[in-house]
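**Student:** First, the structure itself, so that you have it in front of you.
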Amino acid sequence: MSTMVVVDRISKWFDDVVAVSDVSFALGPGVTALLGPNGAGKSTTLRMIAGLTPPSQGEITVLGANPRSDRAVRGRIGLVSQQEQLFAEQRAVDFVALAAQLNGVDDPTAAARWALDTVEMDPGDTRPIATYSKGMRQRVKVAQAIVHRPDLLLLDEPLTGLDPRQRLQMTSLIQRMGADGMCVIVSSHVLDEVERLGSNVLVIAQGRLAAQGDFHAIRALMDYRPHRIRVRTDNARGLAAGLLSYGGINGVTVVDETELIVDTNEVSLFRKRIAPTARWAQAQLFEVHPLDDDLESVFKYLVGR
Amino acid sequence: MSSPVSTVVAITKRIVPSVATRGRLIAMSLVGLLGIIIGLVVRNSGQFDEALTVENDPAYFLSRFGLAIFVPLVALVIASATLGTLREERTLVYFWLRPIGRWQITAASFVAGLLVLVPLIGIPMVILGGVTGDGRDIAAIAIASLVGIVAYGSVFTLLGLLTQRALAWGLVYILVWEGFIAGLSRGAGRFAIRTYTTSALSRVAEVGDLIDNPESMATVVIVTVLLAAACLGFATVRLNNMDVD
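Chains as they are written, first to last, in numbering that gives the first Met the number 0: chain R, 0 to 304; chain V, 0 to 244.
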């Protein structure tokens, strides 16, 4: 696999705030998901890879060159940034054709039509972009990023604002571009999105690279961590006894007759056992609620490992 | 692959509509209209018929209203919006991340500003020259306005890139520096664009008392060209080094 992006111990700080801290990775063709909660440093990392802002420390090489100073490399990068502004009074085809022209594409209009077609937008639409919905604007942004068929495509939260059908279509487009040999980096804070996008995942949390690897390995890492679950029932003591008789439960705290807190490292096993155990204990289940299953706490765990 | 010039043209065509918004055009046209109305009122009062002192010369009115207020104000509003709007609306990235020279973005912004400023300033100023004076004043005010458009245009294009408060800083420059400090000494006056626009008006209209020691036309041209080159060069360097959202 040829390496297309090399990120070597980069850090980025804005005054006293450290946005990215000592992050390194190398990527080749295919789709890589940059997963992390909001404010984790994903967008800053993408902006540095695109050359829009220099790292405060460390080095980034894209296709063998510095993306900030090498003009030719800029022509091989496509970026869908998170900001929503487009040239609102323009038609989509004109906006995308301008991107093609500035990227040196021979027939900008034909390229723009192809790009809009690819994202399922009508190239003949005469309405200005200002009249478009958020999802349509998002697709226009993707079209201007792929119109010159870049080698590296950076997408910052590209599924935001899309309806389920558009998400499916966009996901499939991203997968297709990755399969065609393009290096595609997609940022997201939604685990399910990442699962559908591709197998390679970089988890960024608190500006640090918390985990890297195959999606299923990352998913397992997230599952096999300490979980705390609140269970509401009409027989807390009976249910606690039943749960403790199995393995895989670290501890059970009976809060009162109707509520208990379960600590476990094997959440999938707990999911399988809670219903049969409740039946055995003749306990009715009113609620099973994970107390630390939000992404923030998952990332905190990964960072703290 | 498009040529550098066609790239500049393409970017210019994109910037002009975002600068020449309906609101800006109406507001600036109204200021020009106000100047013309005032010029008409002053002419009908007969003040210009008794041109015994410089204050009664139509060129003096053109200098005081046109070159000191109207030209810099319109240039500030329009030129600072070229790169400024791209930066504030975060659309600069659509030009910045292309394999083109930064100078092409700067040049296109400057040209876009000129394309809007020439009619927006030129038409009211020429009408004002016709209303208040004779053919001599029309040629003079056209040349002086052009000097102002190029000089202020380049300075305020740069200012729009450097700060989000370009309008405030531009007004400080126009009102405080040019309106007050530049008048205190000849040395300070040399750092005011108004000195050169008024010098151009004074030289072409042959009205000697508009300004103490007016600069020669050669100096006016050289300073204007150098100023524009310096501002656009600095804007290009700044574009190259800045963080882009």
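For each residue, glycine too, the CB sits at the ideal point set by N, CA and C.
1) For L161/R, which three-state DSSP category applies?
2) V243/V to G50/R, Cα distance in whole Å?
3) Under the three-state reduction of DSSP, which class applies to Q205/R: helix, strand or coil?
4) How close, in whole Å, do the beta carbons of L243/R and A282/R come, if the pair is a contact with beta carbons under 8 angstroms?
5) Can you give me the start and stop residues for the beta strand (DSSP E) that V146/R sits inside?
6) Is it true that the CB of M176/R sits closer than 9 angstroms to the CB of L196/R?
7) Within 9 angstroms of any Cβ in chain R, is that where the Cβ of E88/V sits?
8) Anything in chain R within Cβ reach of T6/V, meaning under 8 angstroms, just list it in chain order.
9) Whose C-beta lies closer than 6 angstroms to the C-beta of A78/V among residues of the same chain, with five residues either side of it excluded?
10) So, does the CB of P16/V fall closer than 9 angstroms to a CB anywhere in chain R?
11) Within the continuous beta strand (DSSP E) that includes I173/V, where are the two ends?
12) Output yes or no for whether 9 angstroms exceeds the beta carbon distance between A111/R and V92/R.
13) Once DSSP output is grouped into helix, strand and coil, what is the label at L20/R?
14) With 9 angstroms as the threshold, decide whether the Cβ of E88/R is near any Cβ in chain V.
15) What are the boundary residues of the beta strand (DSSP E) that A32/R is part of?
16) Between G180/R, Q137/R, A178/R, R148/R, which has its C-alpha nearest R166/R's C-alpha?
17) According to DSSP, is N249/R helix, strand or coil?
18) Going by beta carbon distance, what residues of the same chain come within less than 7 angstroms of G83/V, once the five residues before and after it are set aside?
19) What are the partner residues of E192/R, as DSSP defines its beta bridges?
20) Nearest by alpha-carbon distance to V22/R: which of V253/R, D213/R, G206/R is it?
21) Are the C-beta of A106/V and some C-beta of chain R separated by less than 9 angstroms?
22) Scan the region 47-65 of chain R for residues whose Cβ lies nearer than 9 angstroms to a Cβ of chain V and list them as they occur along the chain.
23) Establish whether the CB of F190/V and some CB of chain R are separated by less than 9 angstroms.
24) Of the residues that make up the region 67-86 of chain V, which ones have a beta carbon closer than 8 angstroms to any beta carbon in chain R?
25) DSSP state of D136/V, grouped into three classes?
26) Considering only C-alpha positions, which residue in the set E265/R, A240/R, V254/R is nearest to G247/R?
27) Give a yes or no on whether 9 angstroms exceeds the smallest Cβ distance from S80/R to chain V.
28) Measure the alpha-carbon distance for S1/R versus P16/V and round it to whole angstroms.
29) Helix, strand or coil for L78/R per DSSP?
30) What residues are listed by DSSP as bridge partners for N199/R?
31) Mind reading off the beta-carbon distance from V307/R to G40/R? Whole number of angstroms is fine, and I expect it under 8 angstroms.
32) List the whole-angstrom C-beta distance separating V203/V from I142/V, where the pair is believed to meet the contact cut-off of C-beta under 8 angstroms.
33) Tell me whether the beta-carbon of A234/V lies closer than 9 angstroms to the beta-carbon of Y195/V.
34) For the pair the region 117-125 of chain R and the region 66-85 of chain R, tell me if three or more CB-CB distances fall below 8 angstroms.
35) Quick one: list the residues of chain R neighbouring V110/V, beta-carbon separation under 7 angstroms, in chain order.
36) Is there at least one Cβ from chain R nearer than 9 angstroms to W102/V's Cβ?
**Tutor:** Per the coordinate set shown:
1) Within the first sequence, the letter at position 162 stands for residue 161/R. The answer is coil: DSSP assigns L161/R none of H, G, I, E or B.
2) Start at 1 with the first residue of the second sequence, and residue 243/V comes out as number 244. Start at 1 with the first residue of the first sequence, and residue 50/R comes out as number 51. In a straight line, the C-alpha of V243/V is about 9 angstroms away from that of G50/R.
3) Along the first sequence, one-based indexing puts residue 205/R at 206. Three-state result, Q205/R: coil.
4) Taking the first sequence and counting its residues from 1, the one referred to as residue 243/R is at position 244. Taking the first sequence and counting its residues from 1, the one referred to as residue 282/R is at position 283. Not a contact, Cβ separation roughly 14 angstroms.
5) The count along the first sequence starts at 1 and reaches residue 146/R at position 147. Unbroken run through V146/R: none, as it is neither H nor E.
6) Indexing the first sequence from 1 puts residue 196/R at position 197. Indexing the first sequence from 1 puts residue 176/R at position 177. No, these two residues do not count as a Cβ contact at 9 angstroms.
7) Here residue 88/V refers to the residue found at position 89 when the second sequence is read from its first residue. It does: the Cβ of E88/V has a partner Cβ on chain R nearer than 9 angstroms.
8) Locating residue 6/V in the second sequence gives position 7, where the first residue counts as 1. The contacting residues are Q100, L101.
9) Here residue 78/V corresponds to residue number 79 of the second sequence, with the count starting at 1. Excluding residues within five positions, the ones whose Cβ falls inside 6 angstroms are G112, G152, F155, T156.
10) Counting from one through the second sequence, the residue named residue 16/V turns up at place 17. For P16/V, the answer is yes, since a Cβ of chain R falls inside 9 angstroms of its Cβ.
11) Walking along the second sequence from the start, residue 173/V turns up at place 174. That residue, I173/V, is in no beta strand (DSSP E); it is neither H nor E in DSSP.
12) For the purposes of this step, residue 111/R is identified with residue 112 of the first sequence, where counting begins at 1. For the purposes of this step, residue 92/R is identified with residue 93 of the first sequence, where counting begins at 1. Contact: yes.
13) Within the first sequence, numbered from 1, the residue matching residue 20/R stands at position 21. A quick correction: the sequence has Ser, not Leu, at residue 20/R. Three-state DSSP puts S20/R in a strand.
14) Taking the first sequence and counting its residues from 1, the one referred to as residue 88/R is at position 89. Yes, its Cβ sits closer than 9 angstroms to a Cβ of chain V.
15) For this step, residue 32/R is matched to residue 33 along the first sequence. 29-34 is the span of the beta strand (DSSP E), which, as asked, contains A32/R.
16) Sequence index remark: in the first sequence, residue 166/R carries index 167 (1-based). Nearest option by C-alpha distance: Q137/R.
17) Translated into positions along the first sequence, residue 249/R becomes position 250. If DSSP states are grouped into helix, strand and coil, N249/R belongs with the strands.
18) Against the second sequence, residue 83/V aligns to sequence position 84. Correct list, in chain order: G159, L160, A165.
19) The residue given as residue 192/R occupies position 193 in the first sequence. Looking at the DSSP assignment, E192/R forms no beta bridge with any residue, so it has no partner.
20) Taking the first sequence and counting its residues from 1, one reaches residue 22/R at position 23. Minimum Cα distance to V22/R is reached at G206/R.
21) Numbered from its first residue, the second sequence carries residue 106/V at position 107. Chain R, which has no Cβ nearer than 9 angstroms to the Cβ of A106/V, makes this no.
22) A49, G50, L51, T52, P53
23) Counting from one through the second sequence, the residue named residue 190/V turns up at place 191. No, F190/V does not count as interfacial toward chain R.
24) none
25) Position 137 of the second sequence, counted from the start, is the residue given in the question as residue 136/V. Helix.
26) The residue you call residue 247/R lines up with position 248 of the first sequence. Ranking E265/R, A240/R, V254/R by Cα distance to G247/R puts E265/R first.
27) Residue numbering aside, residue 80/R sits at position 81 when the first sequence is read from its first letter. Closer than 9 angstroms: yes.
28) On the first sequence, position 2 is the one that residue 1/R refers to. On the second sequence, position 17 is the one that residue 16/V refers to. Computed Cα separation, rounded: 44 angstroms.
29) As a position in the first sequence, residue 78/R is number 79, starting the count at 1. Reduced to three states, the DSSP call for L78/R is strand.
30) Position 200 of the first sequence, counting from 1, holds the residue named residue 199/R. In the DSSP output, where bridge partners are listed per residue, N199/R has T31/R, D213/R.
31) A question about residue 307/R goes unanswered here, because the residues of chain R that appear run from 0 up to 304.
32) Here the question's residue 203/V lines up with position 204 in the second sequence. Here the question's residue 142/V lines up with position 143 in the second sequence. Contact flag correct, Cβ pair sits at about 5 angstroms.
33) Position 235 of the second sequence, counting from 1, holds the residue named residue 234/V. Position 196 of the second sequence, counting from 1, holds the residue named residue 195/V. No; because the gap between Cβ atoms is not below 9 angstroms, this pair is not in contact.
34) no
35) Counting from 1 along the second sequence, the entry for residue 110/V is found at position 111. What V110/V touches in chain R: nothing, since even the nearest Cβ is about 16 angstroms away.
36) For the purposes of this step, residue 102/V is identified with residue 103 of the second sequence, where counting begins at 1. False, the Cβ-Cβ gap to chain R never drops below 9 angstroms.
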